[in-house]
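Engineer: Just passing along the structure, written as structure tokens.
2 protein chains.
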Amino acid sequence: MSKDIIYPDWKAIRRDLLEHIQSGRWKPGDKIPREVELADHYGCTRSTVGRALRDLAVAGFLDRKRKGGTTVAPNPTRKAPLDVPILREAIRAAGHVPGYRLLHAGLYSAPPDVAKALGQSGTPELLHVQALYLADALPHQIEDRWLVPAMVRGLGPDHWQEQPVDEWLLSNAPLTKARIEIEAIGLPADLAPHMGQMPGSPSLLVTRISWKQARPIGLLRLYHATGHRLKTGI
Amino acid sequence: MSKDIIYPDWKAIRRDLLEHIQSGRWKPGDKIPREVELADHYGCTRSTVGRALRDLAVAGFLDRKRKGGTTVAPNPTRKAPLDVPILREAIRAAGHVPGYRLLHAGLYSAPPDVAKALGQSGTPELLHVQALYLADALPHQIEDRWLVPAMVRGLGPDHWQEQPVDEWLLSNAPLTKARIEIEAIGLPADLAPHMGQMPGSPSLLVTRISWKQARPIGLLRLYHATGHRLKTGI
DNA sequence: TAGTGGTCTAGACCACAAA
DNA sequence: TTGTGGTCTAGACCACTAG
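Residue numbers (the working numbering), protein chains in the order written: chain A, 1 to 234; chain B, 1001 to 1234.
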């Protein structure tokens, strides 16, 4: 542990403990001192070191078990937080002028794969919305949504002409759970022209299925322009 | 708030508060009761409701300001945690038998883009390692790494013949910071044969630049087999 | 069974920002 | 200025689990 100062401050304690881990003085698998010992060392109560330790545990740096004590996580599986933003806001935040163009909307029989993903039997009538998002007037993303009508009551044509469905959903049908998949595909022939690209050009496809409690709301496929990157970090 | 039971339990309080938000009874922007009021309502101390509120705030559901009070977050930008796993472990966890084949290793002059990304001037000599990861004997991922020699002292040929560099790095040169980018590309002609695919087939490319404190460790490019998906959720 | 972390209390003082 | 959240204390009891 650090030799000198007394910190009555859980963030400082957290920093000090993390430094022990990242510098390698405490190695993966090592058992670290008990809460009481650390509290004594830092000159504070158990609650305060506990706060620091808990924080490091949820961040994945430590494993804690009652009676077993606290150990340095053997496999620092770091989690990189991936944003799930509002589409127009994300474009604006990147310093571009956002644009929105509705391509298609209406009630249609869902393809079997969509129906299955949403836990619907047969080929139910779902709300289908396709729209193009622009950044500085250039094609940026294509949104392809299938929504369960019962879950989006109140969503009408006026909600998708000028304003993305996205933004209506946020305040009117907030999701509680979602499954997200990211893959690389060749741009489908029917979408490529809207993107101003050749069919088959590599495109990032993000598929998101969302639920409210246990009830499926809808499926979103988001096709990104070739070259577009998702960025994150830890 | 819920009418009935008294919970002296911060997780139950968290659930109850979250239910208020997700059901829409508390809408984005709404001010919610003060800690003292909630403590009174739930029949516990301020610390306990504080714990629940803090948890919801870090999860992004609430905004808290001194004197300003606590409000429901206007823009629930949810974060989907993306794993940064050990490659062989990820394959094993997916229920496949992992394999590893070294393609190439040695000291080479780094291409300008790599040198620049790592903050190195000119065309420094960097350690270059390429390897193929297999899942059930089928090509799964290609790892393309450039490492700063000074940061990986002790990493020698014996460390990459049979065992992925990946696993050596984890315990010997842990990263403290990383920048991650995900994009869709056409598989380069030199890598496609190793993947058993045609050049240009859509491939998910994950690029990761990692640092230890402020010093760059290396750059990793991870090419995924066509059809391979990254999965996450919230 | 005994030792460890997990939680809670009933106070207190402080830091920040809104009025 | 004053109200709100942020933090800390000095205890206490409980829940889990390793030995």
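Where is the CB? At the ideal position from N, CA and C, for every residue including glycine.
(1) In chain B, what lies closer than 7 Å to residue 186(A) by C-beta?
(2) For the beta strand (DSSP E) holding residue 143(A), just list the boundary residues, first then last.
(3) What residue range does the beta strand (DSSP E) around residue 224(A) cover?
(4) For the segment 81-110 of chain A, enumerate the residues whose C-beta is nearer than 9 Å to any C-beta of chain B, in chain order.
(5) With 8 Å set as the bound, which would you pick, yes or no: does the beta-carbon of residue 1171(B) sit closer than that to a beta-carbon of chain A?
(6) Counting only C-beta atoms, is residue 1233(B) closer than 8 Å to chain A at any point?
(7) Go to residue 1237(B), then tell me how far its beta strand (DSSP E) extends in each direction, as first and last residue.
(8) When you compare only the Cα positions, how much space is there between residue 1207(B) and residue 210(A)?
(9) What first and last residue would you give for the alpha helix (DSSP H) that runs through residue 194(A)?
(10) Report the option in 111(A), 126(A), 227(A) whose CA atom is closest to the CA atom of residue 218(A).
(11) Mind pulling the chain B residues with CB within less than 8 Å of residue 178(A)?
(12) Residue 1017(B) bridges to which residues according to DSSP?
(13) Please check if any C-beta of chain A sits within less than 8 Å of the C-beta of residue 1032(B).
(14) Grab me the residues of residue 1005(B)'s own chain with a C-beta within less than 6 Å of its C-beta, minus the 5 sequence neighbours each way, in chain order.
(15) Looking at the structure shown, is residue 104(A) part of a helix, part of a strand, or coil, going by DSSP?
(16) For chain B, find out if any of its Cβ atoms is closer than 8 Å to the Cβ of residue 229(A); answer yes or no.
(17) Pairing CB atoms from the segment 1063-1071 of chain B with CB atoms from the segment 1017-1033 of chain B, are three or more of them under 8 Å?
(18) How would you label residue 84(A), buried or exposed, when you count the other beta carbons within 10 angstroms and need 16 or more for buried?
(19) For residue 1136(B) and residue 196(A), what's the separation of their Cα atoms in angstroms?
(20) In the DSSP assignment, what residue or residues form a beta bridge with residue 1063(B)?
(21) Whole angstroms is fine: what's the gap from residue 146(A)'s alpha carbon to residue 1076(B)'s?
Structural biologist: So, to answer that:
(1) 1202
(2) That run of the beta strand (DSSP E) goes 138-147.
(3) 215-224
(4) 81, 82, 83, 84, 85, 86, 89
(5) yes
(6) yes
(7) What the structure shows of chain B is the stretch from 1001 to 1234, and residue 1237(B) is not part of that stretch, so it cannot be assessed.
(8) 28 Å
(9) 192-195
(10) 126(A)
(11) 1078, 1080, 1233, 1234
(12) None, per the DSSP bridge assignment.
(13) no
(14) Residue placement at residue 1005(B) is flagged as unreliable, the pLDDT there being 46, under the threshold of 50; the coordinate-derived value follows with that caveat. No residues qualify anywhere along the chain.
(15) strand
(16) Chain B, which has a Cβ nearer than 8 Å to the Cβ of residue 229(A), makes this yes.
(17) yes
(18) By the 10 Å Cβ count, residue 84(A) comes out buried.
(19) The straight-line gap from Cα to Cα measures roughly 39 Å.
(20) DSSP lists 1071(B) as the bridge partner or partners of residue 1063(B).
(21) 22 Å
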